[in-house]
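Step one of this worksheet: look at the structure below.
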Amino acid sequence: MLRIGLDFDNTLAGYDRVFAEAAVQLGLLPAGFAGGKTATREALRAQKDGETAWQRLQGQVYGRFMPSADLIEGVAEFLDAARRAGANPVIVSHKTEFGHFDPDRISLRQAALEWMEARGFFGRFGLKREDVHFLSSRAEKVARIAELRPDLFIDDLPEVFEEPDFPATTQRLLFTNGAPAIPGPWRAMRHWDDITRAVFGHG
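The opening position of the sequence shown corresponds to residue 14 in the working numbering, with each subsequent residue numbered one higher.
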């Protein structure tokens, strides 16, 4: 049985649209601001106390605004293909329990689980709750990947694959979400349909 490890934020769940919407709603950026996650971050960091505002916004996006996150294009088809193939997907995510500067103390982990539930992860796609692992640091995430020993792991952050304890026997697939490939000890894929073809031979 093929065991597939998956990152969560910015690999399965997309936030480009949500960051700008949340920043405007919270009064951090002016009405009409349009841009993805990177543009929002740069606009906030250009302000006084911008780094604090950016960290506050991240906590809000991954908590209060989590229901608005998108299932990244092609993920559903990949997970459908995984189920048809009898593969075993597991999600391993670096996600703290609570966000930065969040006065409401919304559980980011619970918000993510509810988002997965609403999008069919525990129904249509056949995952179980115990297939989802949240860790408080990148090092803990890599240690859990090493414990689970998946055949391959898909992540959007090259830093995860560069960790010295990342298991050598696990194939590394870097999801770039349309951006140019970054050279390194991984196979870079721009879109999920590319990943589906690479893993299952169709897509």
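Think of the CB as a built atom: it goes at the ideal place given N, C-alpha and C, for glycine as much as any other residue. Given the structure is predicted, the values throughout are model-derived calculations rather than measurements.
Here Asp206 carries a helix assignment [DSSP, helix/strand/coil].
In this chain, the beta strand (DSSP E) harbouring Phe166 covers 165-168. By the neighbour-count criterion, in which a residue is buried when 16 or more other Cβ atoms sit within 10 angstroms of its Cβ, Asp117 is exposed. Under the 8 Å Cβ criterion, the stretch 148-157 does not count as touching the stretch 83-102, having fewer than three qualifying pairs. Excluding sequence positions up to five before and after Thr183, its CB lies within less than 6 Å of the CB of Pro163, Phe166, all in the same chain and listed in chain order. DSSP lists Ile167, Arg200 as the bridge partner or partners of Leu186. Under the criterion of beta carbons closer than 8 Å, Trp199 and Arg185 qualify as touching, at roughly 4 Å. The criterion of a C-beta distance shorter than 8 Å is not satisfied by Ala47 and Met79. For Phe147, the enclosing beta strand (DSSP E) starts and ends at 145-148. Here Leu15 carries a coil assignment [DSSP, helix/strand/coil]. Ile158 counts as buried, since no fewer than 16 other beta carbons sit within 10 angstroms of its beta carbon.
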